[in-house]
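Each position in the sequence shown, counted from 1, maps to that position plus 331 in our numbering. Each residue gets a CB set at the ideal place from its N, CA and C atoms; glycine is no exception. In this text the structure is predicted, and so the values were computed from the model without any measurement.
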Amino acid sequence: MIEIHDYEIKNMIRMAEEARDRAYAPYSKFHVGACLKAKNGAYYLGCNIENAAYTPTNCAERTAIFKAVYEGEREFDALAIIWDGDDYAVPCGVCRQVLAEFCAPDMPVICSNKEGEYKIMELRALLPEAFTKRNLK
Ligand code: THU
């Protein structure tokens, strides 16, 4: 796993928490925040953005990564996620697939619960045998 310092973990969880405050979640009332760190040191924050038609809802993780990719980032060091729940926050299946497009399999994903307690998982543990561009050869 890519090395990540304790202070950086706390810092990223704090930023993800700030992002969670921006969630637009009038339907589920479940607020999620994400903080994605690019290789160049920049942070990209995202929240979930829901929709009256439900399906178009965008998760916090995808908001963060789409913002980053739009800004020209293609390589990432770490992701932190925090939500309202008691369980550790984990990305949904769609977000795992989107993350696998740009993030290395050993990228740490910091999964935080609402108290800020966390566990760290490698992306490859969240999406083993990921389908990626390598499979298209
Ligand atoms: N959600 C996220 O933003 N990230 C996840 O990893 C799981 C789910 C959002 C989508 C929806 O707005 C709400 O949480 C309930 O599913």
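- Selection around ligand 1 by beta-carbon proximity, strictly under 6 Å to any non-hydrogen atom, yields 356, 359, 361, 363, 379, 381, 388, 390, 391, 392, 422, 423, 426 in chain order.
- Residue 458 and residue 407 have their C-alpha atoms spaced approximately 17 Å apart.
- The straight-line gap separating the alpha-carbon atoms of residue 365 and residue 379 is approximately 9 Å.
- Secondary structure at residue 363: strand, using DSSP grouped into helix, strand and coil.
- Here the alpha carbon of residue 377 sits roughly 11 Å from the alpha carbon of residue 413.
- The Cβ-Cβ distance between residue 411 and residue 463 does not fall below 8 Å.
- In the structure shown, residue 419 adopts coil according to DSSP, grouped into three states.
- Restricting attention to 467, 441, 386, the CA atom closest to the CA of residue 359 is found in 386.
- Put simply, the backbone Cα of residue 391 is about 20 Å away from that of residue 436.
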